[in-house]
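Everything on this sheet refers to the single structure shown next.
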Amino acid sequence: MATTTTTPSGKDTEPGRGSVRETLGGLDWRRYVIYIGFAIVFLFFAILLGGQGFLSANNLLNIFRQTATVTVVAVAMTFVIANAEIDLSVGSVAGLSSVCAAMAVSHYGLVAGIIAGLLVGAVVGATNGGLVSLLGIPSFLVTLGMLGIAAGVAQWITNSAPQPILNDAFNLLFGSGNFGPVPGLLIWTAVFVIVGAIVLNKTRFGRQVLATGGNRMAAEFTGVNTKRIKFQVLLLSGVVASIAGMLYAGRLQSGRFQWGTGDELSAIAAVILGGTSLFGGSGSVVGTLFGALLIGLINNGLILAGLDVSQQQVIRGAIIILAVALARKK
Amino acid sequence: MDDRQLAVQMRGIYKGFYGVPVLTDVDFEVRRGEVHALAGGNGAGKSTLMKMLQGVYPLDQGEIFVDGRPVRFSSIHDARAAGIGMVFQEFSLVPTLTVAQNIYLTTEPRGAGGLIDDREASRRARAVFRDMAVDIDPDARVGSLSTAYWQLTEIAKALAQDARVLIMDEPTASLAKHETEALFELVERLKARDIAVIYISHRMDEVYRIADRITILRDGRRLFTKELTEVTPAEIVEGIVGKKMEGELEYQERPGPADTRPLLQARDLRSGRRVRGVSFELYAGEIVGLAGLMGSGRTELARCLFGIDKLDGGELLVRGRPVDVSNPRAAMAAKLALIPEDRREQGLVLEHSVIDNLLLPLLGRVRRGPLIDDRGGRTLARQLIDRFAVKVAHPERPVRLLSGGNQQKVVIAKWLGTEPDILIMDEPTAGVDIGTKSEILDMIRGLADAGKGVIVISSELPELLAVSDRVLVLRDGSVQQELARRDIPDEEALQLAVQGV
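In structure tokens:
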């Protein structure tokens, strides 16, 4: 190695000396706050509510089952937020997709139902993406508007009536069934988290999403088509939200415009709890999974503890604020 | 000379925007392994020329050869593929990614199944840094590194893409002295590897230190290309400055300060890396100009005078009494006002109306109980608008609709409404047309005539010469020279003083 080195400002590069302590000190514990928080809350409930069946396999699987749809939405939301955008329309897209899929299933069968559901997500996602990337309208406004439009359409075309799904194959596939001992929803969660984590960390698309979110100008100058990336990310979010909608429909064996209502906020909370920067540029899909699970865990534990809904809301809100405050940089 | 030695050759370049020629018949060439300085005043066409070489602007007329082959760039990517690398100031890196991830952004090495192999990227980045003989951890996040490392990462990024020609635009502007030295050593090593470097800089000492030849552009034409051994600093300065003098910007003799006691005394001010022991005095009714190269501490001095940056040492006295300037409100209480450099970022709330902007620092004066007295506010705003001749038809409309010059007047009027005794103006005429410029300069003279002390910071020397009664030359964070206006014969003399040659 050549001898001349530049060590301006003298920090960051002093190999050798005191490296163990420096490595430990350099570890940014804030990045792991979600895992620490998850462990603490889990232990807390395990000790406090062990007698009320908190630790039973059934209860733990239930937590997974109940958070599955939010987790799926939140995986895509991780991409959106890491890209320095936001998608508020996911909850009502899920609702619209559930009713469209339900109606198509009852008229034309399984395949048509799935296609109809996905189409809802694709159309809404492409519209969001087009407006944001081509016209430069802030995603907050576009998707806030879309939240209302999708919810309204879902209510309108069904006259606010639930759409029952009698197709067993559909219900089995989307959330009601088990694969051996493993609930289908758990498989869906695992697939989305694993694929999401690989795509975000290990593919050029994921890298370009992070780069665009971290410094759009730099990404553009380096040859990233940032408009296309923003479009794709919002399209992805819409399609994934529509799959979440079908998971609701399958699990609850009906399509309803209310399915998914408010999920956008749970998903955003899960993403931020999981350590993804609200300002874009960095994101962790596995963190998001634990963020969603933490929210599910808290809900579950508070119910077992016998708190009523109003108290649950207060405590859940306080824990989210606390976790985000701890994860905040400096 | 043998054409095969040329890394870049640009011939007969013409470029115009909206029919206005910016470059006319410019020839420019860089040899392999050469450091070629490119200099010229503002608007001489340096950056336009370089943007054409980088493929940002298409060619109107002329030819470009890279390594002897004719090229036609239609995008940055074409230029990069041909081996042209640009070292940007900061904005081509993503702070949230690691050094290696930035270097290989969009060209990531991929392993099994087309997935990115970050370990391989790190390994390659380490090899690039080893060739550069610099020590940077490729796995460090760029956001956690200092500016000097950003620049080295930029250079590594260009080299990793096999750049044979590196364009560096004022690369030392944000570097400390030892970092600059390290950069020069690196440039020497790149030279030895036959890489051509185009070095854009206003700093004469640097140009002499590392460049082999210099090309000077003036008014969109090439003035000359010479070996640095054959050209004197005075020739270069004259080449950059030119001989034209704008009539409106002539110095007007003003009576000396009325009071012999200084209005403002700075004693050994220190703050951060850029302000390192500044002392000066300012008298009532006087205009003092602060001259210095980018990075000399001009703007930083203004910031710490007004309490935006904390003082690490030294003291500030107003009328002989020490004052606290630990934050802008304290500085305002001490009757100081700062008219900041970037009016859009720091001086105005662009979407708010002219009236609201004017009244922002004056809200205390237009109160009625806990509420804002709208009518009183409008009257006060009207007075300010009249007093400073802001051309505004509708004071209720957003201030962004005004021209640059009028926006600047709003900023000045806004602060003068607080009746300060000491005004610090950072680049008061940046981006305004010549007519408004002389109006603003008149305004500054008028303020000094009314007994205020004014500090004008400007990178435009003609402007400093037009208003200053005294010029302080800043260099490396301290006052290097203090010149009375009558001791400065012309712009060239001041330029030489600023350059320190």
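Heads up: the protein sequence lines correspond to chains A and B, in order. Residues in the first sequence are numbered consecutively from 1, following the numbering used here. Residues in the second sequence are numbered consecutively from 1001, following the numbering used here. Glycine residues also receive a C-beta, built at the ideal position from the N, C-alpha and C atoms.
Selection from the options that minimises the alpha carbon distance to residue i
i                       : options                           : result
residue 31 of chain A   : A:271, A:314, A:253 and A:316     : A:271
residue 1394 of chain B : B:1423, B:1363 and B:1352         : B:1352
residue 1254 of chain B : B:1455, B:1019, B:1446 and B:1138 : B:1446
residue 1068 of chain B : B:1174, B:1041 and B:1006         : B:1006
residue 1154 of chain B : B:1462, B:1125, B:1075 and B:1457 : B:1125
residue 122 of chain A  : A:234, A:134, A:156 and A:37      : A:234
residue 50 of chain A   : A:301, A:314 and A:326            : A:301
residue 1226 of chain B : B:1132, B:1035 and B:1250         : B:1035
residue 325 of chain A  : A:284, A:269, A:310 and A:285     : A:269
residue 1212 of chain B : B:1188, B:1193, B:1235 and B:1480 : B:1188
residue 1294 of chain B : B:1167, B:1023 and B:1426         : B:1426
Any chain B beta carbon closer than 9 Å to residue i
i                      : result
residue 52 of chain A  : no
residue 59 of chain A  : no
residue 288 of chain A : no
residue 210 of chain A : yes
residue 25 of chain A  : Unreliable placement is indicated for residue 25 of chain A, whose pLDDT of 49 sits below 50; no coordinate value is reported for it.
residue 198 of chain A : yes
residue 83 of chain A  : no
residue 201 of chain A : yes
Sequence-distant residues of its chain with Cβ nearer than 8 Å to residue i (five each side left out)
i                       : result
residue 1325 of chain B : 1304, 1305, 1306, 1307, 1311, 1316, 1331, 1334 and 1336
residue 1095 of chain B : 1141, 1142 and 1143
residue 1482 of chain B : 1280, 1470, 1471, 1472 and 1473
residue 148 of chain A  : 92
Simplified DSSP assignment, three categories, for residue i
i                       : result
residue 1470 of chain B : strand
residue 1294 of chain B : coil
residue 258 of chain A  : coil
residue 1480 of chain B : strand
residue 1368 of chain B : strand
residue 1408 of chain B : helix
residue 1018 of chain B : coil
residue 1024 of chain B : strand
residue 320 of chain A  : helix
residue 293 of chain A  : helix
residue 1421 of chain B : coil
residue 1398 of chain B : strand
Per-residue contacts from residue i into chain A (C-beta, under 7 Å)
i                       : result
residue 1092 of chain B : 218, 221 and 222
residue 1108 of chain B : 204 and 207
residue 1097 of chain B : 210, 211 and 214
6 Å Cβ shell around residue i - same chain, five flanking residues per side excluded
i                       : result
residue 1391 of chain B : 1406
residue 137 of chain A  : 131
Proximal chain A residues relative to residue i, where beta-carbon distance stays under 8 Å
i                       : result
residue 1077 of chain B : 223
CB contact check: residue i to chain A, cutoff 9 Å
i                       : result
residue 1084 of chain B : no
residue 1115 of chain B : yes
residue 1274 of chain B : no
residue 1159 of chain B : no
residue 1350 of chain B : no
residue 1481 of chain B : no
residue 1053 of chain B : no
residue 1080 of chain B : yes
residue 1408 of chain B : no
residue 1101 of chain B : yes
residue 1190 of chain B : no
residue 1105 of chain B : yes
7 Å Cβ cut-off: residues of chain B touching residue i
i                      : result
residue 272 of chain A : Going along chain B, no residue has its Cβ under 7 Å from residue 272 of chain A, so there is no contact; the nearest lies around 15 Å.
Beta-carbon proximity list for residue i, same chain, < 7 Å, skipping 5 on both sides
i                       : result
residue 1348 of chain B : 1357, 1399, 1407, 1410 and 1411
residue 1268 of chain B : 1277, 1279, 1313 and 1314
residue 266 of chain A  : 70 and 295
residue 1060 of chain B : 1014, 1015 and 1016
residue 1275 of chain B : 1269, 1297, 1300, 1301, 1304 and 1477
Chain-ordered neighbours of residue i on chain B, where CB pairs are closer than 8 Å
i                      : result
residue 281 of chain A : 1094, 1095, 1096 and 1097
residue 277 of chain A : 1096
Listed by chain order, chain A residues near residue i by CB distance under 9 Å
i                       : result
residue 1166 of chain B : Going along chain A, no residue has its Cβ under 9 Å from residue 1166 of chain B, so there is no contact; the nearest lies around 15 Å.
residue 1088 of chain B : 218 and 221
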